[in-house]
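Numbers 19 to 298, taken from the working numbering, label the letters of the sequence shown in order.
Backbone N, C-alpha and C define an ideal beta-carbon position, used for all residues, glycine too.
One structure is given here, and the rest of the page talks about it.
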Amino acid sequence: MAMEIDKKAFLDSLGGPEAASRMDSEARADALESHMMAKLNESKSGTGEAAPTAPKKYPSVAEVEAQIETRKYREGVGFMYVPRTGENVKRLTPMPANATLYDFFKLRFMDTSNHVLQSAALAKKNGMSEEIILACLLHDVVQEIIRTDHGWWGAQLFEPYVPEKVSFAIRYHQTLRYYPDPSVGYEYPDLYRQLFGADYVPPPYIQATYQMVRKHPWYMDARLVTVNDLYAFDPKAVVSIEPFEDIIGRHFKQPKEGLGNDGSPVAHMWRTIARPDQPL
Ligand SMILES: [Fe+2]
Ligand SMILES: [Fe+2]
19 MAMEIDKKAF LDSLGGPEAA SRMDSEARAD ALESHMMAKL NESKSGTGEA APTAPKKYPS
79 VAEVEAQIET RKYREGVGFM YVPRTGENVK RLTPMPANAT LYDFFKLRFM DTSNHVLQSA
139 ALAKKNGMSE EIILACLLHD VVQEIIRTDH GWWGAQLFEP YVPEKVSFAI RYHQTLRYYP
199 DPSVGYEYPD LYRQLFGADY VPPPYIQATY QMVRKHPWYM DARLVTVNDL YAFDPKAVVS
259 IEPFEDIIGR HFKQPKEGLG NDGSPVAHMW RTIARPDQPL
């Protein structure tokens with residue numbers, strides 16, 4: 019399936035280029051998907067009007083694979099390393115000494131913070147436990163450096179600093195995203211049909227992980243991250259880390275030397291986020 023995107027019409031649908039530039043990459047990808055779907059339905063009906071009964075058309079796995087060689091980068095690379103806008107990267111503000119989680123949110127998690135803050139806000143609104151709210155707040159920020167297997171990378175990044183249940187939920191939300199759970203109203207996301215192909219089957223390690231997590235006493239903790247993993251974006255939503263300061267204070271062990279200087283087994287991962295322009 020090849021489809022021409024009218025860039026101006028797409029940006030207009032987001033409220034103009036400025037509003038679009040404020041969206042993070044995941045939200046933009048989702049909006050692009052909706053826009054393509056709307057256009058597709060229009061072109062099918064042939065009248066310029068949306069055809070409400072027309073089924074959505076998603077690419078096949080083979081079509082998704084054929085897109086690989088149309089890109090200058092691999093999809094697994096993190097958002098801060100390769101901006102999906104095609105624009106040049108910007109010079110980053112140096113991190114302060116003794117950098118805290120807040121500094122990383124403010125100065126480095128530019129492409130993921132809107133999504134995770136919206137997700138944590140929804141979890142809070144839904145009355146989730148503090149551990150689940152914290153897991154939602156942290157669940158995707160590792161996608162700044164790497165997207166492939168981001169559940170495992172993300173859990174590793176936070177493991178030394180958060181309760182075990184939080185890193186468990188971060189690690190396994192990735193796997194559970196592929197599996198519906200009607201008991202909590204979680205459905206397989208349309209975004210995944212678009213991203214992976216309509217006929218996609220998760221690889222054996224994901225299937226095996228799902229079987230393990232499904233029987234685990236903490237299954238619901240990871241599951242509730244997926245329930246609050248919000249892809250709908252609201253460009254007018256005011257997102258701030260402030261409402262989560264108490265929860266972070268109670269459950270996140272901020273190292274006094276600063277993240278990256280603390281000699282933890284994952285300090286290098288924080289330094290990698292802090293200094294992404296460092297060649298070696
Ligand atoms: Fe995720
Ligand atoms: Fe997410």
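Between residue i and residue j, what straight-line distance do the alpha-carbon atoms span, to the nearest angstrom?
i	j	result
Tyr206	Glu81	20 Å
Tyr249	Asn132	10 Å
Pro77	Tyr190	26 Å
Ser282	Leu125	21 Å
Pro200	Lys271	35 Å
Thr290	Ile259	22 Å
Phe186	Val243	11 Å
Thr88	Thr166	19 Å
Pro101	Val107	7 Å
Lys62	Pro220	Low confidence applies here, because Lys62 scores a pLDDT of 30, under 50, leaving its location unreliable; read the following figure in that light. Those two C-alpha atoms are separated by around 30 Å.
Ile266	Gly104	34 Å
Gln229	Ala285	32 Å
Glu93	Gly145	34 Å
Leu213	Lys74	14 Å
Asp208	Asp247	13 Å
Val184	Lys143	18 Å
Val202	Met238	9 Å
Asp252	Leu140	13 Å
Arg232	Ile164	26 Å
Ala84	Gly276	43 Å
Asn169	His157	Reading off the sequence shown, one finds Gly at residue 169, where the question assumed Asn. The straight-line gap from Cα to Cα measures roughly 7 Å.
Leu298	Ala255	38 Å
Ile86	Arg268	43 Å
Tyr223	Lys90	28 Å
Tyr210	Ile188	18 Å
Pro198	Phe123	31 Å
Check each candidate in the options and name the one with the smallest Cα separation from residue i.
i	options	result
Trp288	His234, Pro178, Leu140	Pro178
Val160	Leu152, Trp171, Gly145, Tyr237	Trp171
Asp217	Tyr204, Tyr196, Lys233, Leu298	Tyr196
Gln225	Arg109, Ala255, Arg102, Thr193	Thr193
Pro114	Gln296, Glu148, Gly278, Lys74	Gly278
Glu148	His168, Asp264, Ala84	Asp264
Tyr262	Gln229, Met230, Ala153, Pro222	Here the sequence assigns Phe to residue 262, which means Tyr is not the residue at that position. When only C-alpha atoms are compared, the closest one is Ala153.
Glu182	Lys75, Ala240, Ala292	Ala240
Val134	Arg293, Val257, Val284	Val257
Ser137	Val202, Val245, Pro297	Val245
Asp295	Pro112, Lys74, Gln85, Ile151	Pro112
Arg293	Gln85, Leu110, Ala173	Leu110
Asn79	Pro235, Gly215, His234	Reading off the sequence shown, one finds Val at residue 79, where the question assumed Asn. Closest by alpha carbon: Gly215.
Asp280	Leu175, Phe123, Glu162	Leu175
Is residue i a contact residue of ligand 2, with contact defined as CB to any heavy atom under 7 Å?
i	result
Asp247	yes
Ser185	no
Ser131	no
Ser137	yes
Please confirm if residue i has its CB atom under 8 Å from at least one CB of chain C.
i	result
Ile224	Looking for chain C here will not work: only one protein chain is present.
- Query: Just the residues with CB closer than 6 Å to a heavy atom of ligand 1, in chain order, which are they?
  - Reply: His157, Asp158, His168, His191, Gln192
- Message: Does the contact criterion of 3 or more C-beta pairs under 8 Å hold for the stretch 123-132 versus the stretch 87-102?
- Response: yes
- On the three-pair Cβ rule with 8 Å, is the stretch 264-278 touching the stretch 109-125? yes
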